Amino acid sequence: MEAFGRELGSQLRAGDLVVLTGPLGAGKTTLTRGIGAGMRVRGPVQSPTFVLARTHPSLADGPPLVHVDAYRLGDAMLLDDLDLDFDRSVVVVEWGAGLVDDVSDSRLEIVIERPRGEHLEAMADAAAADDLGGDEPRTLEVRGYGPRWAGSVYDAPQ
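Quick look at the structure:
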């Protein structure tokens with residue numbers, strides 16, 4: 004998961020929006036940690052569950068990474084209240100499906116699936132659950148929407 008994130012992070016640029024979807028413990032923060040490494044941002048990249056958003060400045064000459072956890076946000080207006088710099092940053096939003104569709108004309112959606120075990124489903128703490136089952140295989144579905152991703156390997160069929 005982190006290796007894919009590093010590869011993807013090296014391809015991202017200012018204005019890119021990445022939306023991560025998956026159950027607790029799927030690896031959304033692990034993927035974002037890899038994206039941060041690929042972008043060469045200041046870390047550590049940790050779950051922003053309790054602060055809603057963390058900004059990681061670039062250690063190179065690139066854009067900052069803004070990591071958002073929208074789990075507790077009920078609607079897009081609350082996300083707008085965070086006053087995020089979508090144009091000059093790479094913004095990764097966990098639990099953002101349906102909340103950020105109108106923020107940008109392009110977005111990359113990544114759906115993470117993982118095997119489900121009863122012991123994982125019983126976890127209520129999202130921050131602790133993120134690392135559960137770290138060795139279990141994950142399935143990623145990556146779809147790009149809008150002009151930024153048109154013609155790329157991530158271009159979603161229309």
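With this note's numbering, the residue at position 123 of the sequence shown is 126, and numbering never jumps.
We put the beta carbon where it would ideally sit given N, CA and C, even for glycine.
Computed from a prediction, not measured in an experiment: that's the story for all the values here.
Bridge partner(s) assigned by DSSP for residue i
{"i": "E97", "result": "L23 and D72"}
{"i": "A111", "result": "Reading off the sequence shown, one finds Leu at residue 111, where the question assumed Ala. V21 and G147."}
{"i": "D78", "result": "Its beta-bridge partners do not exist; DSSP assigns none."}
{"i": "D158", "result": "G147"}
{"i": "E139", "result": "Answer is none; E139 lacks a bridge partner."}
{"i": "E5", "result": "Answer is none; E5 lacks a bridge partner."}
CA-to-CA distance, residue j to residue i, given in whole angstroms
{"i": "V94", "j": "I115", "result": "18 Å"}
{"i": "G25", "j": "G101", "result": "14 Å"}
{"i": "V22", "j": "P47", "result": "20 Å"}
{"i": "L11", "j": "G41", "result": "7 Å"}
{"i": "S13", "j": "I38", "result": "7 Å"}
{"i": "E5", "j": "T142", "result": "13 Å"}
{"i": "Y74", "j": "E97", "result": "7 Å"}
{"i": "A79", "j": "V106", "result": "9 Å"}
{"i": "L81", "j": "P160", "result": "30 Å"}
{"i": "V156", "j": "T35", "result": "20 Å"}
{"i": "Y148", "j": "I113", "result": "11 Å"}
Nearest-angstrom beta carbon gap, residue j and residue i [assumed within contact, 8 Å]
{"i": "L20", "j": "L55", "result": "In fact, because the Cβ distance is near 16 Å, the residues do not count as touching under 8 Å."}
{"i": "G28", "j": "R117", "result": "7 Å"}
{"i": "R91", "j": "P66", "result": "6 Å"}
Of the residues the options, the one placed nearest residue i, counting alpha carbons only
{"i": "L111", "options": "R117, G99 and P118", "result": "G99"}
{"i": "K72", "options": "T32, D104 and R151", "result": "Here residue 72 turns out to be Asp, not Lys, going by the sequence shown. Measuring from the Cα of D72, the nearest candidate turns out to be T32."}
{"i": "D108", "options": "G77, P66 and A153", "result": "A153"}
{"i": "D179", "options": "T52, S92, R91 and V103", "result": "Here the chain covers residues 4 to 161 and nothing more, so residue 179 does not appear."}
{"i": "L76", "options": "A159, T52 and E144", "result": "T52"}
{"i": "V69", "options": "R146, G147, D105 and R45", "result": "R45"}
{"i": "P60", "options": "D88, L34, D78 and L81", "result": "D88"}
{"i": "A63", "options": "R16, P160, S50 and L81", "result": "R16"}
At which residue ranges does the segment 28-64 contain complete alpha helix (DSSP H) runs of 4 or more residues, listed in the order of the chain?
31-42
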